[in-house]
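Chains A and B, in that order, are what the protein sequence lines are. If you read the first sequence in my numbering, its first letter stands for residue 555, the second for the next number, and so on. If you read the second sequence in my numbering, its first letter stands for residue 555, the second for the next number, and so on. Every residue gets a Cβ at the ideal spot worked out from N, C-alpha and C, and that includes glycine.
Number of protein chains: 2
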Amino acid sequence: MSGDTAIATVCLSGTLEDKLAAAAAAGFDGVEIFENDLIASRRSPSEIRGLCAELGLTIDLYQPFRDFEAVPPDVLQANLRRARRKFDLMAELGADTVLVCSSVSPDAVDDDDLAAAQLRSLAELAGERGIRVAYEALAWGRYVNTYEHAWRIVRRADHPALGVCLDSFHILSRGSDPRAIRTIPGDKIFFLQLADAPLLDMDVLHWSRHHRLFPGQGAFDLAEFTGHVLAAGYRGPLSLEVFNDVFRQADPRPAAVDAMRSLLALRESVGALEVPAALRLDGHAFAELAVPGTVLADLGFTHVGTHRSKPVQLWQQGSARVLVNAAAEEGSISALGLACADPKRSARRAETLLAPVLPREHETDLAAVAAPDGTEIFFCGDDEWLRDFVPSGVSSAGMGITGIDHIALTQPFDHFDEATLFYRSVLGLPPEAVSEFAAPFGLVRSRAVGAQDVRLTLDSALVRRGEWAPGVPSPQHVAFACEDALAVARALRESGAPLLEIPSNYYDDLEARFDLPFAAELRENSVLYDRDSSGEFLHFCTELVGSRVFFEVVQRIGGYRGYGVVNTPVYMTAHRERRLSRA
Amino acid sequence: MSGDTAIATVCLSGTLEDKLAAAAAAGFDGVEIFENDLIASRRSPSEIRGLCAELGLTIDLYQPFRDFEAVPPDVLQANLRRARRKFDLMAELGADTVLVCSSVSPDAVDDDDLAAAQLRSLAELAGERGIRVAYEALAWGRYVNTYEHAWRIVRRADHPALGVCLDSFHILSRGSDPRAIRTIPGDKIFFLQLADAPLLDMDVLHWSRHHRLFPGQGAFDLAEFTGHVLAAGYRGPLSLEVFNDVFRQADPRPAAVDAMRSLLALRESVGALEVPAALRLDGHAFAELAVPGTVLADLGFTHVGTHRSKPVQLWQQGSARVLVNAAAEEGSISALGLACADPKRSARRAETLLAPVLPREHETDLAAVAAPDGTEIFFCGDDEWLRDFVPSGVSSAGMGITGIDHIALTQPFDHFDEATLFYRSVLGLPPEAVSEFAAPFGLVRSRAVGAQDVRLTLDSALVRRGEWAPGVPSPQHVAFACEDALAVARALRESGAPLLEIPSNYYDDLEARFDLPFAAELRENSVLYDRDSSGEFLHFCTELVGSRVFFEVVQRIGGYRGYGVVNTPVYMTAHRERRLSRA
Chain A
555 MSGDTAIATV
565 CLSGTLEDKL
575 AAAAAAGFDG
585 VEIFENDLIA
595 SRRSPSEIRG
605 LCAELGLTID
615 LYQPFRDFEA
625 VPPDVLQANL
635 RRARRKFDLM
645 AELGADTVLV
655 CSSVSPDAVD
665 DDDLAAAQLR
675 SLAELAGERG
685 IRVAYEALAW
695 GRYVNTYEHA
705 WRIVRRADHP
715 ALGVCLDSFH
725 ILSRGSDPRA
735 IRTIPGDKIF
745 FLQLADAPLL
755 DMDVLHWSRH
765 HRLFPGQGAF
775 DLAEFTGHVL
785 AAGYRGPLSL
795 EVFNDVFRQA
805 DPRPAAVDAM
815 RSLLALRESV
825 GALEVPAALR
835 LDGHAFAELA
845 VPGTVLADLG
855 FTHVGTHRSK
865 PVQLWQQGSA
875 RVLVNAAAEE
885 GSISALGLAC
895 ADPKRSARRA
905 ETLLAPVLPR
915 EHETDLAAVA
925 APDGTEIFFC
935 GDDEWLRDFV
945 PSGVSSAGMG
955 ITGIDHIALT
965 QPFDHFDEAT
975 LFYRSVLGLP
985 PEAVSEFAAP
995 FGLVRSRAVG
1005 AQDVRLTLDS
1015 ALVRRGEWAP
1025 GVPSPQHVAF
1035 ACEDALAVAR
1045 ALRESGAPLL
1055 EIPSNYYDDL
1065 EARFDLPFAA
1075 ELRENSVLYD
1085 RDSSGEFLHF
1095 CTELVGSRVF
1105 FEVVQRIGGY
1115 RGYGVVNTPV
1125 YMTAHRERRL
1135 SRA
Chain B
555 MSGDTAIATV
565 CLSGTLEDKL
575 AAAAAAGFDG
585 VEIFENDLIA
595 SRRSPSEIRG
605 LCAELGLTID
615 LYQPFRDFEA
625 VPPDVLQANL
635 RRARRKFDLM
645 AELGADTVLV
655 CSSVSPDAVD
665 DDDLAAAQLR
675 SLAELAGERG
685 IRVAYEALAW
695 GRYVNTYEHA
705 WRIVRRADHP
715 ALGVCLDSFH
725 ILSRGSDPRA
735 IRTIPGDKIF
745 FLQLADAPLL
755 DMDVLHWSRH
765 HRLFPGQGAF
775 DLAEFTGHVL
785 AAGYRGPLSL
795 EVFNDVFRQA
805 DPRPAAVDAM
815 RSLLALRESV
825 GALEVPAALR
835 LDGHAFAELA
845 VPGTVLADLG
855 FTHVGTHRSK
865 PVQLWQQGSA
875 RVLVNAAAEE
885 GSISALGLAC
895 ADPKRSARRA
905 ETLLAPVLPR
915 EHETDLAAVA
925 APDGTEIFFC
935 GDDEWLRDFV
945 PSGVSSAGMG
955 ITGIDHIALT
965 QPFDHFDEAT
975 LFYRSVLGLP
985 PEAVSEFAAP
995 FGLVRSRAVG
1005 AQDVRLTLDS
1015 ALVRRGEWAP
1025 GVPSPQHVAF
1035 ACEDALAVAR
1045 ALRESGAPLL
1055 EIPSNYYDDL
1065 EARFDLPFAA
1075 ELRENSVLYD
1085 RDSSGEFLHF
1095 CTELVGSRVF
1105 FEVVQRIGGY
1115 RGYGVVNTPV
1125 YMTAHRERRL
1135 SRA
């Protein structure tokens, strides 16, 4: 008896035993066992059956059986012989459903009647042993490559042990309309495989084998798709089948949690699971990091409070609050505070969606969870949390910084897509499109999550594994908002803040591209510039403060929605040069 | 005055200064300076000009200028304004040719007359300043995306300061016939950019931005292409323009050497450079590694000699010779000996093609060079090198191993494509197609080089950068040939050799797939099996011997040409399990 959630072993890294342990620990009810994982295992099928039973996992699918149908008689005989062996194995394994993919073999012919008749004979053999055959159209099947076509053949074969397997990738990657799924009787949908993917313009086989993602990480509408399948009356598990170069080599334990989070969020979105709803986040309450307080003073911040029990200072300017934690790792952004109406409810949602809840030492401690990169996320209701700080009594007008615009977090490569899903599902922060840019030491992939009040950017070096690139890991930063970047830059420069100098060549190019009345002022103050169709962006950076953090100050004019990514290589190069010259 | 060879700064990693230093050190005559590299540099254009002069580099091209032509009058005015600024910059830089790519702008219209007229006005402006405009059709240009079309527009514009830039990627990626290049007057071909690429079925822009390779590393026929351009009368530099995710983040110094090697080999192939010809390699003379001699004894090898001056033992069975070097790094394959008719000539070829020549301590030392992964390659004429060994006087019949079939070298990710080119150009070993397989801890990319007598396989983990995958770096191995793998396996097993046990599940699957008369013997002896259209392959492995080496014994039946890659994940899993169980 299968449960609500399953995962194919091919989604995860390691030996079959590693994969099963990770799936069970993440709370999956069942697994699809990929043939190659079993073949390489020292455990016999019945030992694997026992191990799964111990772990509380059902084996929902054995996969795949390929190139079966629409073949000449001698090939059919060899295929049936192979099938008998696999059915014996499945009996040992305790798996009652086998996936049969539509043929890609040169032996196959384009003959639906022949395909139906041969699948019927396979189903007859399977049915005698209590096994069900789930026939799936591969997007690159030789003749059968749409779910409608697979269903026509299954209907023609008309055998109780033969049904279809629907796979969201194979259907959505071809742009097939999934609405006709509703016309398939639910009890003839034997299995449902789910995968998301980014929209890529490439050969669909390559796309499928390397770039699948867990639901919510890519561009497909999995909620709508799954809704059609459930409306058709499908009652089997929602099962993940994701081939992904990164997940294949990442630690399977967090990958399985990431996978399960994707299914929980999907089940929530189709109304199959109740989760405390994501509440609107009202802004960045604070950023916590370990830098010298003097840097903040240079930027016009005031030391307004000291934590009652921890070595933490609160600095403020406008509504921008920075916690300087003397106990945190030097230079890192260790925590974010996000303002929300009901911190306990937000924390309950996060916990339901498998975010690791941080231990609270005191009853008054804030509700907090850990993001995939280890950054601590605190939920802050009103300004209650400020009571933990003894006010210094000092106040100051500041130098024009008004708040936090966004926070840029460098993601470990293995957790980039996981982070998108975490912020989207746990915190309700919608992701923007992925962009890539050429940094001086390799390509960087960047994705923003959030909207007006809370914005995060997630960056990851795309291929950084050489011995060459200096200064790994990459810097992170807090970007403050202001209303007049040129004035703030001028004031900070005068007060001796460690602002980063931008090369003159940048301004020569800027002046060649745009006819800006304030070009000379940009140059004079090392302020960078970008524009899009709806507005303009002025921004400048500090030098690196500590080993891997800097600050940025940004001014958004009109409806500019980006982050000045076009200028990132320029300041990255400047940071690297400064670092190398000091090293 | 430009020289024979140039490289675009975009090919290499680092700051502009890093790139220029690497290009000069590798012997390039000139560079194409990519605008973004200059913009991010603190040096002014005239300082860059001075630096290049010091390094002995000409600046052959400033690139690129985009989205210029076939636009409305107001856009043209802005573009000419931008061009004037860039021409000023080029004067400072001392660059006399600018690349103008065909427009991808939504402002552009499909009007060759307008494009020609506007390019003519640009050329007029350029000509006054002694600058040449090289117009290039991007493969994804909005209206102009073939070199024939670009040439038609240039001919129509008819201005001495306007010519075409030919880029092998833009031409060959679209499948254009390059023969018509011969109809373009050589003095109207202002520049030639060269890039190779693997054949990939994806959007050409993505293909170009991520997957270009240096000539000889991919699938394009660059010799034929370059031959057409030279036949047309082109006399400018052969210049590399390669966008590649790996090269962008790898150490620029070896990458520049790799790049220069690709041009030297290309110039050789079009008859523009004399290099001592690659001589046929007659076989594997030896493999050198650091393992306990007892392992070789267990495999039926005999200790037949001891080096006169080094801590090296010679072990032999059939024609397979293994040097056990007590001074080498434990477990690694440190050197290969390749039999050839004229070692000095092979070494001269290698040196001409920039292979690092290893120092010779004695006059009698063998000629040797270092491969990209550091493996030492020795050229061995006849059996002269054996005179360095004092014979032990012992001989033995052995246990059926007859020679070395191939050697599998694990490549550092950053050097995978470099290795292909090294073996192809320096040693004349043709590469086979790249294959990928799913190993238990991630995808592995594999490529064989060589033929009948000398075969190497190069493997590299495709995305291994996580913290998870245990046992990095991956094992390498020496594969011995035999004529009866089952008999040899049986004999070695009886003599107590540490052969790797293959799981029973593997044989269950094998028996389901094939009806083999010797299936039971394969199972009993843990021998793996594969077949292709022309033959069969039986092979088995030892356990890991030391930290990262094992031995394989293979039998080729008929014309089987592969390496049993389908079975690699099975023995890799077994190796990992054994290693983990011992750890």
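Open item on the list: Is PRO926/B close to chain A? Criterion is C-beta to C-beta, closer than 8 Å.
Closed with: So, not an interface residue.
Open item on the list: Measuring only the C-alpha atoms, how far is PRO984/A from VAL1003/A?
Closed with: If I take the Cα positions, the gap works out to 5 Å.
Open item on the list: In the DSSP output, what is ASN798/B paired with across the bridge?
Closed with: For ASN798/B, which the question treats as bridged, DSSP gives the partners HIS765/B.
TODO: Look at ALA893/B and ALA909/B and say whether their C-beta atoms are less than 8 Å apart.
DONE: Their beta carbons are not under 8 Å apart, which means ALA893/B does not touch ALA909/B by this criterion.
TODO: Taking the CB atoms as reference points, tell me whether ASP614/A and THR563/A lie closer together than 8 Å.
DONE: In this structure, THR563/A does not lie closer than 8 Å to ASP614/A by Cβ.
TODO: Return the CA-CA distance between ALA1074/B and LEU1064/B, expressed in angstroms with no decimal places.
DONE: Taking the straight line from one Cα to the other gives about 11 Å.
- [ ] With a 10 Å radius around its C-beta and 16 neighbouring C-beta atoms as the bar for buried, classify MET555/A as buried or exposed.
- [x] Caution applies to MET555/A, whose pLDDT of 49 falls short of 50 and renders its modelled position unreliable; the value that the coordinates give is listed next. Counting Cβ neighbours within 10 Å, MET555/A comes out exposed, since fewer than 16 surround it.
Open item on the list: Can you find the residues in the same chain that come closer than 8 Å, C-beta to C-beta, to ASP896/B, ignoring five residues on each side of it along the sequence?
Closed with: Excluding its 5 nearest sequence neighbours in each direction, ASP896/B has C-beta neighbours in its own chain below 8 Å: LEU833, GLY935, listed in chain order.
TODO: Starting from ARG994/A, find everything on chain B with Cβ-Cβ shorter than 8 Å and list it in chain order.
DONE: With the sequence shown as reference, residue 994/A is identified as Pro, and Arg is not the correct amino acid for it. Those are SER567, GLY568, THR569, ALA594, listed as they occur along chain B.
Open item on the list: Is ARG1130/A close to chain B? Criterion is C-beta to C-beta, closer than 8 Å.
Closed with: Interface residue, yes.
Open item on the list: Could you check whether the segment 752-762 of chain A touches the segment 798-816 of chain A, counting it as contact only if at least three pairs of C-beta atoms, one from each stretch, sit closer than 8 Å?
Closed with: No, because fewer than three Cβ pairs between the segment 752-762 of chain A and the segment 798-816 of chain A fall closer than 8 Å, the two stretches do not touch.
Open item on the list: Can you tell me which residues form a DSSP beta bridge with HIS857/B?
Closed with: Bridge partners of HIS857/B: TRP869/B.
- [ ] Quick one: list the residues of chain A neighbouring VAL1124/B, beta-carbon separation under 7 Å, in chain order.
- [x] Per Cβ cutoff of 7 Å: ILE593, ALA594.
Task: Closer than 8 Å to chain A by CB, TYR1117/B - done: Not one beta carbon of chain A lies nearer than 8 Å to the beta carbon of TYR1117/B.
- [ ] Count the other C-beta atoms from every protein chain shown that fall within 10 angstroms of the C-beta of VAL1026/A, then say buried if there are 16 or more, exposed otherwise.
- [x] Because the pLDDT at VAL1026/A is just 49, under 50, the model does not fix this residue reliably, and the value given afterwards should be weighed accordingly. Counting the other Cβ atoms within 10 Å of the Cβ of VAL1026/A gives fewer than 16, which makes it exposed.
Open item on the list: What does the Cβ neighbour count give for LYS640/A, buried or exposed, with the cut at 16 atoms within 10 Å?
Closed with: When all chains shown are included, LYS640/A counts as buried.
TODO: Compile a chain-ordered list of the residues in the segment 740-761 of chain A whose CB is closer than 8 Å to at least one CB of chain B.
DONE: Within the segment 740-761 of chain A, the qualifying residues are LEU754, ASP755, MET756, ASP757, HIS760.
Open item on the list: Please determine whether the Cβ atom of HIS1093/B lies at a distance below 7 Å from any heavy atom of the ligand MG.
Closed with: Summarising the ligand content, the structure contains no ligands, and the ligand MG is consequently not present.
- [ ] Give the straight-line distance between the Cα atoms of LEU611/B and LYS573/B, rounded to the nearest whole angstrom.
- [x] Cα to Cα, the separation comes out at about 12 Å.
- [ ] Could you tell me if ASP959/B is buried or exposed, where buried requires 16 or more neighbouring beta carbons within 10 angstroms of its beta carbon?
- [x] Buried: at least 16 other Cβ atoms inside 10 Å.
Task: Nonlocal neighbours in the same chain, by C-beta distance under 6 Å from GLY1100/B, ignoring five residues either side - done: Around GLY1100/B: VAL845, GLU884, GLY885.
Open item on the list: Determine whether the beta carbon atoms of PHE855/B and GLN867/B lie at a separation below 8 Å.
Closed with: Judged by beta-carbon spacing, GLN867/B lies beyond the 8 Å limit of PHE855/B, meaning their Cβ atoms are not closer than that value.
Open item on the list: According to DSSP, simplified to helix, strand and coil, what is TYR977/A?
Closed with: Look at TYR977/A here: in three-state DSSP terms it is helix.
TODO: Determine the DSSP secondary structure at THR569/A, reduced to helix, strand or coil.
DONE: Coil, per DSSP.
Open item on the list: By alpha-carbon positions, which one of HIS1129/A, SER1049/A, ALA1041/A ends up nearest to LEU1092/A?
Closed with: Comparing C-alpha distances from LEU1092/A to each of HIS1129/A, SER1049/A, ALA1041/A shows the shortest one belongs to ALA1041/A.
Open item on the list: Just to confirm my understanding: we take LEU817/A, look at its own chain, exclude 5 residues before and 5 after, and list those with CB closer than 6 Å. What are they?
Closed with: Close CB contacts of LEU817/A within its chain, under the 6 Å cut and outside five residues either way in sequence, are with THR559, LEU792 (chain order).
Task: Selected residue, minimal CA-CA separation from LEU907/B, among LEU975/B, GLN965/B, PHE970/B - done: Comparing Cα positions, the closest option is LEU975/B.
Task: Endpoints, the alpha helix (DSSP H) within which TYR697/A is located - done: DSSP places TYR697/A outside any alpha helix (DSSP H), giving it a letter other than H or E.
Task: Collapsed DSSP secondary structure at ARG1110/B in the structure displayed - done: Three-state DSSP puts ARG1110/B in a strand.
Open item on the list: Can you check whether the C-beta of ASP1062/A is within less than 8 Å of a C-beta belonging to chain B?
Closed with: Chain B, which has a Cβ nearer than 8 Å to the Cβ of ASP1062/A, makes this yes.
Open item on the list: Does any residue of chain A have a CB that is nearer than 8 Å to the CB of SER1014/B?
Closed with: Interface criterion not met: the Cβ of SER1014/B is under 8 Å from no Cβ in chain A.
TODO: Jot down the residue ranges of each uninterrupted beta strand (DSSP E) in the segment 698-757 of chain B, minimum 3 residues, whole runs only, in chain order.
DONE: Complete beta strand (DSSP E) runs here, min 3: 716-721, 743-748.
Open item on the list: Whole angstroms are fine: how far does the CA of VAL876/A sit from the CA of ILE961/A?
Closed with: Approximately 12 Å between the Cα atoms of the pair.
Task: Own chain residues within Cβ distance below 6 Å of ASN633/B, not counting five before or after - done: Beyond the five residues adjoining it in sequence on each side, ASN633/B comes within less than 6 Å, by CB distance, of PHE622 in the same chain, given in chain order.
Task: Identified DSSP bridge partners for ALA1041/B - done: Bridge partners of ALA1041/B: none, in fact.
Task: Reduced DSSP category for TYR504/B - H, G, I as helix; E, B as strand; rest coil - done: With chain B covering only 555 through 1137, there is no way to say anything about residue 504/B.
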